[in-house]
Amino acid sequence: MSSLERKREKHSPFTLNPDPRRKTSAEIVTEARHSLRTLRTQRPFTPRDDHRQLFGETSRAQDGRPPSTFSLYAWNFEAPDSRPGSGTRLSPLEHDPDPVSPMALPKPPSDPLELKRGAVGARVRLFRAGSLTTLPPVARPTEVYIFFLIMCLSSGGSEDAVERLCDACDCLHGALAEQGMLGRRCRKRAGLLRALFCLIDINSAQLNLQLAKLTLELNVSGKNLLNICKLIFKISRSESNDILFQNNSIIDSLLCVLRCEDVCVSGEAVLYCVGTLKFLSGNSALLRLLLAKDCVGVATLLIQKLHPLSQPDHTQFTIGGHIHVQLTATLRNLADLPESRPLFVSHGTLTELCLVLRHHHGDQDICTNIARVFSKLSSYSECCLVLAQTPGCFTLFIELLSKHQWKQDLVVRLLFTLGNLTSRSSEARKHLFTAEGCMSVLLGLYHTYHGRWDPPPSKDVLVKLVRVLANMSIHPAVGPSLAANTDLIHYLLDTLELRSMQESEELLVNVAATINNLSFYQEDSSVVRDRGLTVAKLLLKLLLSSSMDGMLEATRVFGNLSQSREVCDFIIQNKVHQFVVTLLDSKSPEVCFSACGVLTNLALNPPSRTTLTQEGAHTKLADCLRDFGPVDWQLAGLVCQTLWNLTEEGGTETGPPSTMNNQEREILCSVFFYEDALQWTSGDDMRDFHRLCWEMDFLPVAQRLRDRIQTQTD
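Following UniProt numbering, the numbering of the sequence shown begins with 1 at its first residue and continues without gaps.
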């Protein structure tokens with residue numbers, strides 16, 4: 001067995017290539033498979049939230065959180081002014097202009113086709129209400145456009161007026177932009193805003209989006225900014241309005257608010273703004289539009305602006321947490337798009353989210369949203385690398401698992417992420433194992449969820465947890481410690497004993513794979529080694545099940561455990577060897593490789609060797625070598641090792657084997673004479689071939705192999 005062990009340390013077996021073209025040795029080497037394997041599993045399902053509201057029914061405290069439902073009317077808006085949005089109040093001017101009620105809708109003149117400018121007295125052009133798409137190139141006083149809005153409202157039907165008003169808003173926006181009068185530079189800004197606010201009472205979603213866009217372009221602040229953001233939020237709550245956001249550049253205005261506004265001053269407005277983006281990101285078309293407009297980058301910038309608010313004693317800590325709930329939910333949706341991965345990496349979003357987890361580790365809503373982002377993105381290597389290199393990442397995850405151990409949807413996603421990290425990186429396996437409290441927390445979770453028999457959620461936690469343990473055990477400095485952990489082995493064996501294949505197939509397959517990894521370590525301290533016979537008995541139900549995955553994992557474990565004479569006797573006494581020999585008929589090289597591992601160990605014992613010969617093992621091995629040898633040199637080497645053990649007589653190494661007839665020897669001879677046979681063999685495998693060929697009197701082949709070995713040695 002020492003030769004076999006050396007081979008499995010130095011080389012990895014290969015999968016059979018369905019391509020009939022013969023592979024080069026270089027191509028074969030690149031497809032090496034590992035005897036210690038990581039495990040895969042499905043990402044936890046994330047249900048779609050069909051209720052568009054800021055917070056879930058059961059999430060966060062009901063008292064004091066901003067509402068998702070409200071009414072807005074023109075009178076909710078403050079009288080506009082031209083003060084800058086810095087929050088600093090300016091001294092009042094001595095001149096007291098005539099008061100104008102912000103609620104009063106100016107009446108049109110008796111002749112709607114003419115407008116006199118009063119104080120100016122200059123001649124003005126005449127316009128028709130239905131001709132709003134083309135405006136004169138001369139000076140365009142703000143009063144003209146306000147009057148146009150009024151004219152549109154007073155002419156035509158309920159629906160016709162809305163269309164005209166929307167067209168008028170577009171024209172007004174274009175005219176103001178052309179003359180550089182957007183922002184706070186418009187001389188009649190206050191009057192224009194008063195007119196726009198009055199139109200909100202028409203209660204048209206299409207018109208209100210146009211009004212909101214124009215109002216935001218005029219750089220409103222304070223209560224008016226909040227109300228405009230609430231107005232947009234209210235419109236976005238209905239999926240039927242999604243089409244309006246696709247045909248309007250309002251998303252650009254919302255992203256601008258997030259970039260520019262001070263969250264300490266306009267926190268609630270930012271909250272409703274992000275809440276709108278969360279709703280829109282539930283629409284696949286709008287989700288791609290958000291991604292194209294760099295919503296990931298804007299969200300990352302906002303996260304950085306929110307960090308100062310994340311101290312528990314900060315006066316804005318609560319509103320900051322509310323914003324994070326909406327923001328992380330939006331990022332959760334964006335993470336669904338494969339095109340988003342480079343943006344999450346390049347903007348440093350994953351690292352920023354880890355910092356948010358540290359600041360808000362007690363907030364289940366925020367933690368769950370971020371865990372969903374990580375579970376989606378950690379399926380990709382570039383994102384795994386960033387997460388694994390984030391300082392304190394593994395300790396943070398362990399702390400969250402400990403704090404929220406009863407929050408199943410959070411726990412299962414954190415475990416899934418850890419499983420992804422440890423499946424790709426040896427350093428990640430070591431860092432996780434050495435994280436403070438790691439094994440204590442993981443075993444605590446195993447104890448908690450192993451004792452629960454509720455349906456799938458608990459079982460899914462165990463599947464992800466066992467996968468993490470299996471992946472960690474691959475590290476040579478971690479595996480022996482896990483194999484010596486009595487509590488861990490107890491939980492694994494208990495799971496094998498109490499769970500059935502019908503209800504827990506994936507869990508039992510993962511447990512068997514974990515035991516297979518742990519059984520690789522044969523130190524004296526190994527609990528798996530000490531309890532090998534118990535493990536063998538429990539694995540019988542997997543070996544004899546209808547599950548190919550379960551049968552394959554059980555066979556792999558028997559391959560390691562059969563190094564024990566006690567387990568070998570159990571295999572023969574319970575006729576497990578008959579099943580293993582039958583596996584050689586499989587068309588899967590993985591199955592044949594695992595079966596050969598068991599037979600190689602059994603054939604070391606002369607009585608077992610005779611039993612295997614009576615089962616026709618050597619004939620099936622010859623067929624296996626013929627079928628897979630030319631394309632899988634690792635499997636071919638193991639088959640030869642098994643044949644060598646089977647053909648020994650009385651423990652001697654002299655004389656040709658008497659267990660093969662001439663036809664079987666011819667099959668082997670034809671394989672060894674295969675043109676490329678010497679090209680797909682490594683040094684150790686050539687020695688196996690040479691030894692077997694020499695004993696079978698295949699002198700020409702043996703001579704060629706001997707020369708090749710000598711060449712490699714030189």
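For every residue, glycine included, the Cβ atom is placed at its ideal position computed from N, Cα and C. Because the structure is a prediction, the values reported are computed rather than measured.
Asked: Burial state of W406 (16 or more Cβ within 10 Å); Found: exposed
Asked: Proximity to G550 [Cα-Cα], best of G275, V509, K537, N574; Found: V509
Asked: Exposure of G362, with buried meaning 16 or more beta-carbon neighbours within 10 Å; Found: exposed
Asked: For L218 and F279, the rounded distance between their alpha carbons; Found: 25 Å
Asked: Nearest neighbour of P607, chosen from C624, D627, Q573 [CA to CA]; Found: Q573
Asked: Counted within 10 angstroms of its Cβ, other Cβ atoms place M181 as buried (16 or more) or exposed; Found: buried
Asked: Rounded separation between L518 and P480 - CA only; Found: 7 Å
Asked: Minimum length 4: unbroken alpha helix (DSSP H) runs contained in the region 510-566; Found: 527-530, 532-543, 548-561
Asked: From R189, S158, L493, residue whose alpha carbon lies closest to that of residue 745; Found: The shown model of the chain, from 1 to 714, leaves out residue 745, and the question about it has no answer.
Asked: Residues near L196 in its chain [Cβ-Cβ closer than 7 Å; skip 5 each side]; Found: L211, L214, T215
Asked: Pairwise C-alpha distance: L290 and L445; Found: 38 Å
Asked: Cβ shell of F317 (< 8 Å), same chain only, five flanking positions each side left out; Found: L309, S310, Q311
Asked: Three-state secondary structure assigned by DSSP to V478; Found: coil
Asked: Span of the alpha helix (DSSP H) around residue 760; Found: The structure shown does not extend to residue 760, since the chain spans only 1 to 714, so no value can be given for it.
Asked: Buried or exposed by the 16-neighbour rule on C-beta atoms within 10 Å, applied to K234; Found: buried
Asked: Assigned secondary structure, A269 (DSSP; H/G/I helix, E/B strand, else coil); Found: helix
Asked: V528 vs I489 beta-carbon contact at 8 Å; Found: yes
Asked: Three-state secondary structure (DSSP) of residue 734; Found: Because the chain in this structure spans residues 1 to 714, residue 734 falls outside the shown range and cannot be described.
Asked: For N485, the first and last residue of its enclosing alpha helix (DSSP H); Found: First-last for N485: undefined, no H or E at that position.
Asked: Collapsed DSSP secondary structure at F77 in the structure displayed; Found: coil
Asked: Proximal residues to V478 (C-beta, below 8 Å), its chain only, five neighbours per side dropped; Found: R429, K430, F433, M472
Asked: Where H431 sits in the DSSP three-state scheme; Found: helix
Asked: Proximity of residue 722 and L538 at Cβ, strictly below 8 Å; Found: Because residue 722 is not part of the residues shown, which for the chain are 1 to 714, the question remains open.
Asked: 4 or more residues per run - each alpha helix (DSSP H) lying fully within the region 210-262; Found: 222-236, 242-246, 250-260
Asked: DSSP three-state assignment for A622, whether helix, strand or coil; Found: helix
Asked: Straight-line Cα distance separating L533 from F570; Found: 8 Å
Asked: Contact belief for A292 with T330 at Cβ below 8 Å, rounded distance in angstroms; Found: Rounded, the Cβ-Cβ distance is 15 Å, inconsistent with contact.
Asked: Through-space distance from L302 to D494, alpha-carbon basis; Found: 48 Å
Asked: From A617, C384, H360, H324, residue whose alpha carbon lies closest to that of V345; Found: C384
Asked: Integer Cβ distance of L443 from D487, believed to fall under 8 Å; Found: 5 Å
Asked: Where L290 falls: helix, strand or coil (DSSP); Found: helix
Asked: Sub-8 Å separation of L544 and E553 beta-carbons; Found: no
Asked: Simplified DSSP assignment, three categories, for Q304; Found: helix
Asked: For N283, three-class secondary structure by DSSP; Found: coil
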